[in-house]
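Worksheet: one structure, shown below.
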Amino acid sequence: MDTASTSSLQVQSGSRSGTRIPLHIGTFSIGGDATNQIVIPDEEVSRKHANITIDIRGTWITDLGSTFGTFVNGQQIFESLWLKPNDVIQLGRVVKMVFQSSFIGSPAIAPTPPPVKVKKQSRFRNCVLTCGVILLILFCGLFVVGGAGYYFYTTGQLSPRTVLNSVGMGTGEINIANISDSTLYSDLIQLTTDSGEPESYLDLSLRPFEVGGLGSISPGAYELQISFSNEGLTGGGCWLEIKSGDVFQLVAVPEGIAIIKEGENPTNPDEIDYLSTSLCKP
Numbered sequence: 004m005d006t007a008s009t010s011s012l013q014v015q016s017g018s019r020s021g022t023r024i025p026l027h028i029g030t031f032s033i034g035g036d037a038t039n040q041i042v043i044p045d046e047e048v049s050r051k052h053a054n055i056t057i058d059i060r061g062t063w064i065t066d067l068g069s070t071f072g073t074f075v076n077g078q079q080i081f082e083s084l085w086l087k088p089n090d091v092i093q094l095g096r097v098v099k100m101v102f103q104s105s106f107i108g109s110p111a112i113a114p115t116p117p118p119v120k121v122k123k124q125s126r127f128r129n130c131v132l133t134c135g136v137i138l139l140i141l142f143c144g145l146f147v148v149g150g151a152g153y154y155f156y157t158t159g160q161l162s163p164r165t166v167l168n169s170v171g172m173g174t175g176e177i178n179i180a181n182i183s184d185s186t187l188y189s190d191l192i193q194l195t196t197d198s199g200e201p202e203s204y205l206d207l208s209l210r211p212f213e214v215g216g217l218g219s220i221s222p223g224a225y226e227l228q229i230s231f232s233n234e235g236l237t238g239g240g241c242w243l244e245i246k247s248g249d250v251f252q253l254v255a256v257p258e259g260i261a262i263i264k265e266g267e268n269p270t271n272p273d274e275i276d277y278l279s280t281s282l283c284k285p
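One point on numbering: in my numbering, the residue at position 3 of the sequence shown is 6, and numbering is uninterrupted.
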């Protein structure tokens, strides 16, 4: 049976509401980036959000470590899941799509979908974020008040907290607090790849006064790109050499961006400025 004419996604809400997206045998990437086969440019849709795959056995969906999650019939998924006709797929809290198909290809006892390599968020992420919120706000204050804040830092009244003592997983973390009035977009680009070409590794969008993080980052060279929905705020790129156990704390405020690496003591206020710190230079 030809699945090209029998399977589709009917978008019910979001920027593409009312659209019917036909599907055929193969893998379709879904996300906000223009390189996806299915582009959905909504705020809570990650640049690489999920994959839908169809073969002779049936259709399944895989979340790709998205920021706001992928849900099927109201349940968040963390691995590949077979789809049935009329299943409701939700990307984040806004975009809803109904999977429609008259093609029944999977057997009564469906095999496990082929494994898909997904860069998952660290299982310690929630703990990291909870423990790090106060620290992030302190460094936000340090950045805003300039020299006075730096004095309190160097005298020990402000000090970094080690939040990944129990990880031992050989990965790094970047925790981000957006204390601005604009949506923050971050894209972590891996520079050391098997192909030799830079590749998007993880991305994250944060609304004003929201805290999030990029977790389970393999050691290597990366470029962290920060931008804002408000063009009046300055973002930019930061080159980072991430080693096992490294934890970076980043705070965005209307005046700029502050970044530190836990365990290192900056020698002057410029060392926490995203645009001037030596952390962001090759």
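All residues carry an ideal CB built from backbone N, CA and C; glycine is no exception.
- For V101, the enclosing beta strand (DSSP E) stretches over residues V98 to S104.
- One alpha carbon belongs to I220, the other to V14, and they sit about 33 Å apart.
- According to the DSSP assignment, N89 belongs to no beta strand (DSSP E), since it is labelled neither H nor E.
- Going by DSSP, L243 is part of the beta strand (DSSP E) stretching over G239 to I245.
- Contact check for S104 and S10: beta-carbon distance about 4 Å, within the 8 Å limit, so the pair qualifies.
- For G248, the closest C-alpha among the options T22, K264, L207 and T73 is that of K264.
- If you look at N178, you'll find it in the beta strand (DSSP E) that goes G175 to N181.
- Only buried fits R50, as 16 or more other CB atoms lie within 10 angstroms of its CB.
- Taken in chain order, the complete beta strand (DSSP E) segments of 3 or more residues contained in the segment 210–266 are 213–220, 223–231, 239–245, 250–256 and 259–264.
- By alpha-carbon distance to V91, the top candidate from E82, S83 and Q78 is Q78.
- Ranked by Cα distance from E202, the options R210, A224, Y188 and S185 are led by A224.
- For P44, no beta strand (DSSP E) run applies, since DSSP gives it neither H nor E.
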